[in-house]
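Participant:
Residue numbers (the numbering used here), protein chains in the order written: chain L, 13 to 438; chain P, 13 to 438.
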């Protein structure tokens, strides 16, 4: 069936405006490791998908899924050992005092639950988030997914801060002063809530600020911001849906980069390598306070199949040393992107950590005028050249690359070389 | 590992107050068809679990899951045929004009999305729900999950109506008058919203009123209620998470019992036989209005693996004639329960449709004093006798039985005989 027919069927069945990547959409039929294949047998290097964390269709994950699905799949109101084995293995990967978990199915559900927990624990409702973030799609979470402002409007309990970054920060402000500049915004947001008679519940941020375009966050920003939040009785919720599970290379979790331990952590996308698995990691006192007050049950959350899959992902991550790989290859890519920056004026800034990297494209290195249209053309050109990636950020001018974790130097060379060619041809 | 150790590990890892069935919890390790097995090899007849809809670990479903998970698992921003094949097969099972679908992962997400769609379409926010229902666990959906009143309090946009039923309806009111009595409550709820300056968005009910205790709804109630709602510009959202996919026997969907076609339908639990799969079926104009205004994307929703699983469930349902089976065996069980009612005064009422049936236990047939404590003992006694079921309803005195769909007359005989013995021994 042709692409046009698929698109027509899709629009009839799913409605208009369903997002589809690329001017010339890709019809994928198979995946393996860092590669995906279309219906014509063409191979693409996948530099975009963080959900198949340990690689598309990893045989150990598929085997764990199939074995448990053939054995038993129920819910957490019966006893089962896999949820305990997996949960203990998972929580052991976090800093004290984070030691309890609630399993859910999606990042949206994780952020929903974390905000509900924070509200109960603090007695507040005020949430501080960034002005260009994405955290999910429920009514409550859409309020903080500021990248797609909800047409319903944003409530007074939500306060947005500018996403902190060194590249587009205020002129002449650097280092410690820049960190204070952004942290002052957090303080102002708290004061604004208080002025409106609202109590702070939490600051909730993606610890690599993915949708914001992977800014280089000024050192000390998170520490100062969380100090303000805790002084006002609020909690720090780290959204680790994108940075988590070792993608950063240096650390298992994005928050560790800042040396600040959150009160609640939300997990999603990569956790089940594509299987709908997500969770909230919580300080035990916060978990207890919530559990003692609220009858919360999630039918699919923590079922034996999901937990078997989650456990297989952790085992592969360890056995294949994928976190080390993310660090080594990530550094290698950043070096390569910086070399490309010397050759191509369009590249204004190179950023990233581990296997989450990007380049901000600008029309002028001085004015930093965003090269939004050029970025769009480049993304489409890369797709035609067999490399899948996307773009992000406030001006949609940051190349977004988050490949599966078994991404090697050879794969990096292929991306860098293809980018070089596509930039020359642009 | 002993039960006590598992419970201790569980409380440490998951926090206190996680719901666990039975005074003597069950440690399950295997499932097959309508049977589950504990760690000691003991077999239990599963009369409770509707999630493994076509049977625990159905080989065709497991095979579809394993095959697609080994081939490709991505998201809906690439083209894929399985979402179209499955979506078209699924929507064809609904009455016109219901023809579009949005796939999500849980019933909570489905109800979240349906309410957001209804709010956009109508410009209202008011939701009418029952006073003893369950629809999910997000902040917005917890507002209508009135069986567990949210400690946050319930907003003014939520209006509850008494769950309609013939057994505990007002004295002496029957037939058409009883239907009008309950429908008048809907009208009053709408008037109440208007009096508070709020506009109606929708009535949202579980079409078999599961949590309410499976009441026999007075004929014509839904038709009259939906007339009131539509006259006020509101929509009818049918929550088919529990009654759907043929469980009712006579119909594929609970709403068909009333002869009223909803504007939006929400699906969940049985849809993926345990795989986290859910969805919203919508009138195309409502879907378009939403899609044209809101950037809604669900990372796991509609992925190729979930769709392959959903399709396998529909294929098994058809090939094994499980809807017919639900009707035939359901009628047989109701007959058997009515015979038990002659022998046991404790059974005040027998209710159900297809493979969702229950018996309301009362201390006195005249006063209908709920036998809550006796019901609890009976449920635990049944577990000890090797039959898993639960209880539900406003007084927790209704036996709740929703076995997997391949439930046969032999299985029914075993439940009825065990119930007979347990009632005598109570």
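Just so it is clear, CB atoms sit at the ideal spot from N, CA and C, and this is done for glycine as well.
Taking only beta carbons into account, state which residues of the stretch 179-198 of chain P come closer than 7 Å to chain L, listed in chain order.
Facilitator: The residues in question: there are none.
Participant: Are residue 158 of chain P and residue 246 of chain P touching if we call contact CB-CB under 8 Å?
Facilitator: For residue 158 of chain P and residue 246 of chain P, no; Cβs fall outside 8 Å.
Participant: Output the boundary residues of the alpha helix (DSSP H) element that contains residue 15 of chain P.
Facilitator: Per DSSP, residue 15 of chain P belongs to the alpha helix (DSSP H) from 15-26.
Participant: Please tell me whether residue 221 of chain P and residue 150 of chain P are closer than 8 Å, where the distance is taken between their beta carbons.
Facilitator: Going by C-beta atoms, residue 221 of chain P is not nearer than 8 Å to residue 150 of chain P.
Participant: Would you say residue 90 of chain L lies against chain P (beta-carbon separation less than 8 Å)?
Facilitator: Yes, residue 90 of chain L lies at the interface with chain P (some Cβ there is under 8 Å from its Cβ).
Participant: For residue 313 of chain P, verify whether its CB is less than 7 Å away from any heavy atom of the ligand FMN.
Facilitator: Of ligands this structure carries none, so the ligand FMN is not represented either.
Participant: For residue 310 of chain P, which residues from the same chain have a beta carbon less than 6 Å from its beta carbon, with the 5 sequence-adjacent residues on both sides left out?
Facilitator: Hits under 6 Å: 116.
Participant: Pop quiz: residue 139 of chain P and residue 207 of chain P are said to be a contact at Cβ under 8 Å. What is the actual Cβ separation, rounded to whole angstroms?
Facilitator: Going by Cβ atoms, the distance from residue 139 of chain P to residue 207 of chain P rounds to 16 Å, so no, they are not a contact pair.
Participant: Tell me the DSSP secondary structure of residue 287 of chain P in three-state form.
Facilitator: Strand at residue 287 of chain P.
Participant: Is the beta carbon of residue 424 of chain L less than 8 Å from the beta carbon of residue 362 of chain L?
Facilitator: No, they are not a contact pair.
Participant: Is the CB-CB distance between residue 290 of chain L and residue 118 of chain L below 8 Å?
Facilitator: The answer is yes: Cβ separation under 8 Å.
Participant: Measuring only between beta-carbons, confirm whether residue 305 of chain L sits less than 8 Å from chain P.
Facilitator: With 8 Å as the cut-off, residue 305 of chain L counts as an interface residue toward chain P.
Participant: Distance check for residue 326 of chain P and residue 298 of chain P, CA to CA, integer angstroms please.
Facilitator: Distance between the alpha carbons of residue 298 of chain P and residue 326 of chain P is about 25 Å.
Participant: Taking any Cβ of chain L, which residues in the stretch 405-432 of chain P have a Cβ under 7 Å from it, in chain order?
Facilitator: Residues: none.
Participant: For residue 412 of chain L, is the classification buried or exposed, using 16 other Cβ atoms within 10 angstroms of its Cβ as the cut-off for buried?
Facilitator: Residue 412 of chain L is buried by the Cβ-count criterion.
Participant: Per DSSP, which one or two residues make a beta bridge with residue 141 of chain L?
Facilitator: Its beta-bridge partners are L:172.
Participant: Got a sec, what are the start and stop residues for the alpha helix (DSSP H) residue 183 of chain L sits in?
Facilitator: Residue 183 of chain L -> no alpha helix (DSSP H), and no H or E assigned at all.
Participant: Given that a residue counts as buried once 16 or more other Cβ atoms are within 10 Å of its Cβ, and exposed if not, what is residue 184 of chain P?
Facilitator: Exposed: under 16 other Cβ atoms inside 10 Å.
Participant: With a cut-off of 8 Å on the beta carbons, I'd call residue 92 of chain P and residue 190 of chain L a contact; round off their distance for me.
Facilitator: So it is not a contact: roughly 45 Å between Cβ atoms.
Participant: Distance cutoff 8 Å, beta carbons only. Does residue 65 of chain P sit that close to anything in chain L?
Facilitator: Not an interface residue.
Participant: Answer yes or no: does any C-beta atom of chain P fall closer than 8 Å to that of residue 36 of chain L?
Facilitator: Judged by the 8 Å Cβ criterion, residue 36 of chain L is not in contact with chain P.
Participant: Output the distance between the C-alpha atoms of residue 48 of chain L and residue 329 of chain L, rounded to the nearest integer angstrom.
Facilitator: The alpha-carbon atoms of residue 48 of chain L and residue 329 of chain L are separated by roughly 21 Å.
Participant: Is the number of C-beta pairs between the stretch 385-403 of chain P and the stretch 281-289 of chain P that are closer than 8 Å three or more?
Facilitator: Verdict: no, contact absent.
Participant: By Cβ distance, which residues of its chain are closer than 7 Å to residue 73 of chain L, with the 5 residues on each side in sequence left out?
Facilitator: Same-chain partners within the cutoff: 66, 285, 321, 324, 325, 328.
Participant: Can you name the residues that DSSP bridges to residue 217 of chain L?
Facilitator: Beta-bridge pairing links residue 217 of chain L to L:250.
Participant: Would you call the stretch 225-235 of chain P in contact with the stretch 189-204 of chain P, where contact means no fewer than 3 C-beta pairs closer than 8 Å?
Facilitator: Short answer: they touch.
Participant: For residue 15 of chain L, go through chain P and note every residue whose CB falls closer than 9 Å to its CB, in chain order.
Facilitator: Chain P residues near residue 15 of chain L: 91.
Participant: Would the beta-carbon of residue 364 of chain P fall within 8 Å of that of residue 370 of chain P?
Facilitator: Yes, the Cβ-Cβ distance between residue 364 of chain P and residue 370 of chain P is below 8 Å.
Participant: Pull the bridge partners of residue 56 of chain P from the DSSP assignment, please.
Facilitator: Paired residues: P:48.
Participant: Is residue 32 of chain L helix, strand or coil when you go by DSSP?
Facilitator: Residue 32 of chain L falls in the coil class under three-state DSSP.
Participant: Quick one: grab the DSSP three-state call for residue 426 of chain L.
Facilitator: Looking at residue 426 of chain L - three-state DSSP - the assignment turns out to be helix.
Participant: When you compare the CB of residue 257 of chain L with every CB in chain P, is at least one pair closer than 8 Å?
Facilitator: Closer than 8 Å: no.
Participant: Does any residue of chain P bring its CB to less than 8 Å from the CB of residue 68 of chain L?
Facilitator: It does; some Cβ of chain P falls within 8 Å.
Participant: Check distances from the C-beta atoms of the stretch 361-373 of chain L to those of chain P and list, in chain order, the residues that come in under 9 Å.
Facilitator: Those residues of the stretch 361-373 of chain L that come within reach of chain P (Cβ to Cβ, closer than 9 Å) do not exist; the list is empty.
Participant: Any contact between the stretch 246-255 of chain L and the stretch 252-260 of chain P? By contact I mean 3 or more CB pairs, one from each, below 8 Å.
Facilitator: No: the two stretches stay apart, fewer than three of their Cβ pairs being nearer than 8 Å.
Participant: What residue from L:58, L:100, L:22, L:171 has the CA that sits closest to residue 319 of chain L's CA?
Facilitator: Selected option, being the one with the closest Cα: L:100.
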